[in-house]
Each structure stands twice: as structure tokens, then as C-alpha cells.
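Using this note's numbering, you'd call the opening residue of the sequence shown number 2 and step up by one each time.
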Amino acid sequence: MNESNGAEKKSFRNIYESLHNEVMQSDLPEAEKNRRLSALLKASGRKINLMLIGATGSGKSSTINAMFDMNVAKVGTDVEPETKEIEKHELGNLIIWDTPGLGDGKNSDGENTKKIVAKLSEIGDDGNLLIDLTLVVQDASSKDLAVSFDVINNTLIPCLGNDNAHRILIALNQSDMAMKGRHWDYEQNAPDSVLKDFLTKKVNSVKQRVSEATGVTVDPIYYCAGYTEDDGTQLKPYNLSKLLYYVLMAMPSEKRFVLADKLNDEESN
């Protein structure tokens with residue numbers, strides 16, 4: 002990428018500067034310009050706190066990297082959880098909390114759940130709950146999602162309360178491996194009709210299980226964050242734009258600009 006293109010990309014990413022320039026160059030009355038600039042200044046000062054939760058190996062770190070910076074979080078390459086404490090990643094006004102992987106034993110799950118509950122209970126500077134949104138990442142290729150259901154049903158919903166259930170999103174990662182790699186069209190980077198049907202049924206099953214256990218309605222989606230094979234082969238993300246939209250629309254409307262300004266704009270994503 003040449004220097005001029007890099008400058009253009011940087012300019013495009015700064016949504017607040019772009020909007021400021023549009024307002025200043027408009028033919029709006031001065032009073033309306035001041036009102037809009039004041040609202041923009043207020044919006045640019047807001048912070049978004051996004052927490053990712055999931056079992057070890059579900060792809061939380063890969064999801065963070067794909068959605069936002071590609072190099073924000075370290076991705077584990079073995080069976081040991083890469084994240085042992087809640088890790089804080091700051092991208093300007095966007096703060097991502099990557100929690101320790103669950104499913105590695107009753108004792109470690111108990112300790113990690115306490116850390117999650119403590120963070121969910123924190124109050125921000127504005128007097129509201131610090132965490133704006135929790136994204137539960139499940140492994141679409143796993144038959145055993147008990148750990149995820151346990152944290153959703155017995156930790157997240159009781160901690161946040163039914164009134165804050167909209168703060169909980171569920172997404173099934175690694176959808177390409179949901180049928181052990183079968184029925185995935187690698188040339189098109191998409192599931193065939195058989196796998197789509199399988200994934201749709203899995204999503205509906207997750208929705209039903211959460212509803213039956215808690216009375217709360219969730220609308221999970223499936224996607225693939227993308228990853229690099231040992232031989233260097235790169236699998237592109239799939240359905241990532243849907244996940245980004247899903248997260249964006251679940252955010253408080255006054256904070257959406259903050260998130261939109263930080264989304265990964267690599268073409269493959």
C-alpha cells in the first residue's frame with residue numbers, strides 16, 4: 002500500500018473527523034452546526050466495553066482479531082487456554098475484555114466464573130454497568146456445549162437480570178468444521194446446502210435450550226473468524242459482516258459510532 006492510500010484509509014477510519022468535516026462544510030445554520038458538533042463531541046467521548054466469553058478453543062481471540070485489529074489478541078495454538086486472566090485490550094474508546102477459556106476443569110471454571118461475575122458487576126463512570134455487551138462464542142463443531150449453556154443460564158442471565166438479557170449475544174464460530182470439514186465449499190468459502198441446514202438447526206437448538214432454561218429469547222448466529230493452517234493456508238472469515246452488524250445493533254444507539262469506527266476494514270473481512 003502506498004503512502005497516499007494509507008492516508009486515505011486512516012482518514013476513512015476516523016469517523017468522527019469525517020462527520021465533523023461534513024458538518025462544518027454544510028449549509029446548516031450556525032446554531033444547528035453547533036448542536037450537531039456538540040452531540041458529536043459527546044459521542045466521541047463515550048466508551049464501549051465488550052466482553053467475550055467462551056470455552057477454551059472456541060476462537061474468542063481469533064474473533065477479536067478478525068473483527069477489530071487482526072493483532073489485538075494472541076491466539077492459542079495448543080490445548081492450554083491462552084488467556085488465564087481477564088485481559089483488557091484498548092482500541093481508543095473501544096475496550097475489549099477477553100475472559101479465560103472455560104471447560105478446563107471444575108475448579109478453574111469456578112475461579113474464572115467468579116472473575117466474570119465480578120467484572121459484570123462493575124459500575125462505570127456513568128453510573129451504569131461497565132460492560133455494555135457480552136458475546137458468548139461457541140464452537141459450532143462441538144457436540145458438547147454444556148459449558149457455554151452453564152455460563153449463559155447460571156451466570157450471565159442471573160447476574161445481568163432478564164431486563165439486561167439484550168446484553169447477551171451468542172455466536173457459533175468455526176462453522177466450517179461443524180460437520181468435520183465436510184460440506185464446506187473452500188473455493189466459495191461458504192457452506193453448501195447440507196451444512197447450512199445443519200447449522201440452522203444447531204442455532205435453533207441453542208435458542209430453544211436457553212429459552213427453556215431461562216425464559217430469555219436469544220438469536221444466535223453462525224460464522225467463521227478465519228484462521229491460518231499450519232501449512233500457511235489462510236481461511237477467510239465467513240459471515241463476519243453479519244456478526245459485526247449483530248454486535249453493532251445490540252449496542253446502545255448512542256455508542257454505535259464508537260464501535261463502527263474500530264471495525265476491521267480489511268477487504269477479506
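C-beta: ideal position from N, C-alpha, C; glycine also. Computed from a predicted structure; not experimentally measured.
Give me, in chain order, the residues of the same chain whose beta-carbon lies closer than 7 angstroms to that of Leu-131; leave out the 5 immediate sequence neighbours on both sides. Closer than 7 angstroms at the Cβ level, and outside the excluded window around Leu-131, lie Asn-50, Glu-123, Ile-124 and Gly-125.
Reference Trp-236, options Thr-100, Glu-188 and Ser-254, closest by Cα: Reading the sequence as shown, one finds Leu at residue 236 and not Trp. The shortest C-alpha separation from Leu-236 is found at Glu-188.
Within a Cβ cutoff of 6 angstroms, which residues of the same chain sit near Thr-57, ignoring the five residues on either side of it in sequence? Result list for Thr-57: Pro-82, Gly-102, Gly-104 and Asp-105, in chain order.
Is the closest heavy atom of the ligand MN to the C-beta of Ser-212 under 6 angstroms? For the ligand MN, the structure offers nothing, since it holds no ligand at all.
Whose CA, out of Lys-85, Val-248 and Ala-191, lies closest to the CA of Ile-117? Out of Lys-85, Val-248 and Ala-191, the CA that lies nearest to the CA of Ile-117 is found in Lys-85.
Taking contact to mean 3 or more Cβ pairs, one atom from each stretch, closer than 8 angstroms, check whether the segment 155-166 and the segment 174-184 are in contact. Flag = no, the segment 155-166 and the segment 174-184 do not touch.
Between the Cα of Tyr-246 and the Cα atoms of Asp-232, Pro-221, Ile-153 and Gly-227, which residue gives the shortest distance? Selection Asp-232, Pro-221, Ile-153 and Gly-227 evaluated against Tyr-246 yields Pro-221 as nearest (Cα-Cα).
Cβ atoms of Ile-171 and Val-219: under 7 angstroms apart, would you say? Yes, they are a contact pair.
At 3 residues or longer, what runs of the beta strand (DSSP E) sit wholly inside the segment 142-198? Fully enclosed beta strand (DSSP E) runs of 3 or longer: 169-174.
From Ser-149 to Tyr-239, what distance separates their C-alpha atoms? If I take the Cα positions, the gap works out to 22 angstroms.
Could you please give the first and the last residue of the uninterrupted alpha helix (DSSP H) stretch that includes Asn-290? Residue 290 lies beyond the stretch modelled for the chain, which goes from 2 to 270, so this question has no answer here.
Tell me the DSSP secondary structure of Gln-139 in three-state form. In the structure shown, Gln-139 sits in a strand (DSSP, three-state: E or B).
Per the DSSP calculation, Lys-89 is bridged to which residue(s)? For Lys-89, which the question treats as bridged, DSSP gives the partners Trp-98.
Is the separation between the beta-carbon of Met-178 and that of Leu-196 shorter than 7 angstroms? No, these two residues do not count as a Cβ contact at 7 angstroms.
From Thr-201 to Pro-192, what distance separates their C-alpha atoms? So the alpha carbons of these two residues sit roughly 11 angstroms apart.
Between Asn-174 and Val-137, what straight-line distance do the alpha-carbon atoms span, to the nearest angstrom? In this structure, the straight-line span from the alpha carbon of Asn-174 to that of Val-137 is close to 10 angstroms.
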